[in-house]
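What follows is a single structure, written as C-alpha cells, with notes after it.
Numbering (full-length UniProt numbering), first residue to last: 1 to 482.
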C-alpha cells in the first residue's frame, strides 16, 4: 500500500512489529492490486441477452461474416451481430478476424460512418475485440480510440455508452493502452459523462475511469483536477436499482484513495461521511451486496491507513463499527478478510478500539482465528492493535479467550505472522496478571521452545527475550513498582 505513513501500533519490544506492519501493508497492497486487477476490473465482453440461448458462432460463420459485412448495408447488422458474438467467445475468433485482410479497416470505416445503428454494432465489436490479447487491445486503441473518444461527446447516448465501455476495456489492458487513450483525450469527456441522466452511461463511464487510473504510473491527479470527486460522490447513494453503478463508482474512489495523494479533496468533498453512510446502508440490507462491499471496504481501509484524524472523522457515524461487526459474519470469505483489513488500519485509534469492544466485535475477531490462514493473519493484526491500548484492553481479550486462539499462530510458517503473534503475546504477558498461566496451559511453551532455534535471527532474538523475561527467571510483579 503506497502513499501513507503507517500508524505505529506497538510498544516495548513490539516496536519492531510496527515497521513489520508497514512493510506488510505494502506487500499486501501489491498482492491485492494484482488480484483485484485480474478479477474485479478485468476487461468485460458484452453479450446480448437476446442471444444468450443461441448456439456458439462457428469459425465458418466468422469467415463468412468477415468477408461480407462490408458489401451490403442491408446485411451489415446481421454480420456485425455474428462478429460481436464471436468476439465474446474467445481470442481465436478475434485472431481470425484480425488476420483477415482489410477486416479491421472495414470495421473502422463502419464505426466512423453515418449510420447510427451500424456505428453502435461496430463499437460493440471493438469493445469485445479489446477483451482479447495485448495486441488486440493496442490495435483497437490505435485505430478506433480517436473515434471512440470523439463519440463520447456526441448526442447518441447508446453510442456514448458503448464507446465508454470499449475505452474501459482498452485501458484495462494495461499502462500502454491506458496511456494512449488518455493521450487521445478520453478523460475529460468521460468525467462529463458522470453527469449523464442515464445511469447505464454513468456506470460505463465510471468503469472506464477506474481502468484509466489504476496500475503503475496512473495519473490520478488529472482526474481530480477535472473535478471528478464531487461528481462521483453524488452517485454513492444506495438504491434498489443502482447497485452496479455504485460499485463502479466505488472502484474509481478506491484508486483515488489508495494513492494517498488526494486526501484533502476527498475529505473536503464529504467522502468520509458518504462512505460511512454507504457501508451502514449495505449492512442493513438482507443480503450484503459484495459487488459494492469489496471496493467500499477497500476504500475504508485505504483512507484509514493515514492519520488517526481520518479514522476519527469517519467513525463519527456511530453506526459504522457495528456495521463492520455484521460484515465479520458474512458468508463470503473475502468480505470477512477485507473487513478485518480495514479494521486493522482503524484500530490504531483508541476510540475505535473502545468501540470495537463496546459493540461486540472482539468475539467474532477471535473466532476468526480458527479459520483460514489469510483470515487469521488479518485478525491477529487487529488484536495486536487492541493490545497496544493497554491493560484494560488486554484483560478484556484475556477473558474472551484470545491467548488460546493466538498460540497456534506461533507455529506459523509465515515469518511476519509469527513476529506479530510474539509481539501480541509479549504485551499480554506484560500487561495482565493471568496471561502466563493461560499461555502455558494452551501449549505456548512448546511453541516458544521451537522458535528458540528458528532460522530467522529476529524471531530467535524475540523468542529468547520473551523466555528470559517471563519464564526462565522470576518476573518482577508490576504492582511492586507502584
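Idealized CB from N, CA, C, for every residue including glycine.
Pair within 7 Å by beta-carbon distance, residue i and residue j
{"i": "residue 182", "j": "residue 140", "result": "no"}
{"i": "residue 437", "j": "residue 378", "result": "no"}
{"i": "residue 194", "j": "residue 208", "result": "no"}
{"i": "residue 557", "j": "residue 267", "result": "As shown, the chain starts at 1 and ends at 482. That puts residue 557 outside it, with no answer to give."}
{"i": "residue 254", "j": "residue 199", "result": "no"}
{"i": "residue 230", "j": "residue 260", "result": "no"}
{"i": "residue 335", "j": "residue 290", "result": "yes"}
{"i": "residue 249", "j": "residue 262", "result": "no"}
{"i": "residue 301", "j": "residue 276", "result": "no"}
{"i": "residue 232", "j": "residue 252", "result": "yes"}
{"i": "residue 257", "j": "residue 299", "result": "yes"}
{"i": "residue 159", "j": "residue 119", "result": "yes"}
{"i": "residue 43", "j": "residue 172", "result": "yes"}
Nearest neighbour of residue i, chosen from the options [CA to CA]
{"i": "residue 402", "options": "415, 412, 416, 386", "result": "386"}
{"i": "residue 238", "options": "282, 261, 222", "result": "282"}
{"i": "residue 129", "options": "436, 110, 397, 85", "result": "85"}
{"i": "residue 146", "options": "78, 177, 158, 411", "result": "177"}
{"i": "residue 322", "options": "357, 331, 228, 332", "result": "357"}
{"i": "residue 82", "options": "117, 349, 121", "result": "121"}
{"i": "residue 361", "options": "75, 222, 382, 461", "result": "382"}
{"i": "residue 180", "options": "161, 202, 212, 158", "result": "212"}
{"i": "residue 201", "options": "172, 216, 166", "result": "166"}
{"i": "residue 396", "options": "368, 435, 410, 373", "result": "435"}
{"i": "residue 203", "options": "246, 240, 219, 172", "result": "246"}
{"i": "residue 428", "options": "446, 447, 406, 413", "result": "406"}
{"i": "residue 45", "options": "442, 217, 168", "result": "168"}
{"i": "residue 142", "options": "174, 155, 184", "result": "184"}
{"i": "residue 273", "options": "287, 318, 371, 340", "result": "318"}
{"i": "residue 241", "options": "292, 218, 220", "result": "292"}
Contacts around residue i, its chain only, beta-carbon distance under 8 Å, and the 5 residues preceding and following it disregarded
{"i": "residue 550", "result": "The structure shown does not extend to residue 550, since the chain is modelled only from 1 through 482, so no value can be given for it."}
{"i": "residue 188", "result": "226"}
{"i": "residue 161", "result": "198, 200, 201, 204"}
{"i": "residue 448", "result": "410, 463, 466, 467, 471"}
Sequence-distant residues of the same chain with beta carbon closer than 6 Å to residue i, five excluded per side
{"i": "residue 439", "result": "403"}
{"i": "residue 66", "result": "97, 100, 103"}
{"i": "residue 163", "result": "123, 148, 151, 152"}
{"i": "residue 28", "result": "Note that residue 28 has pLDDT 47, beneath the 50 cutoff, so the model's placement of it is unreliable and the number below is only indicative. Closer than 6 Å at the Cβ level, and outside the excluded window around residue 28, lies no residue."}
{"i": "residue 471", "result": "none"}
{"i": "residue 399", "result": "none"}
{"i": "residue 473", "result": "none"}
Cutoff 7 Å: residue i Cβ touching any chain C Cβ
{"i": "residue 219", "result": "In summary, chain C is missing from the structure at hand, where a single protein chain is found."}
Cβ-based neighbour list, residue i, same chain, cut-off 7 Å, excluding 5 preceding and 5 following
{"i": "residue 133", "result": "91"}
{"i": "residue 127", "result": "46, 162, 165, 166, 169"}
{"i": "residue 346", "result": "304, 311, 352"}
Is the region 102-113 touching the region 84-91, taking contact as three or more C-beta pairs under 8 Å? no
Inter-stretch contact (C-beta, 8 Å, three-pair minimum) for the region 327-334 and the region 301-308: no
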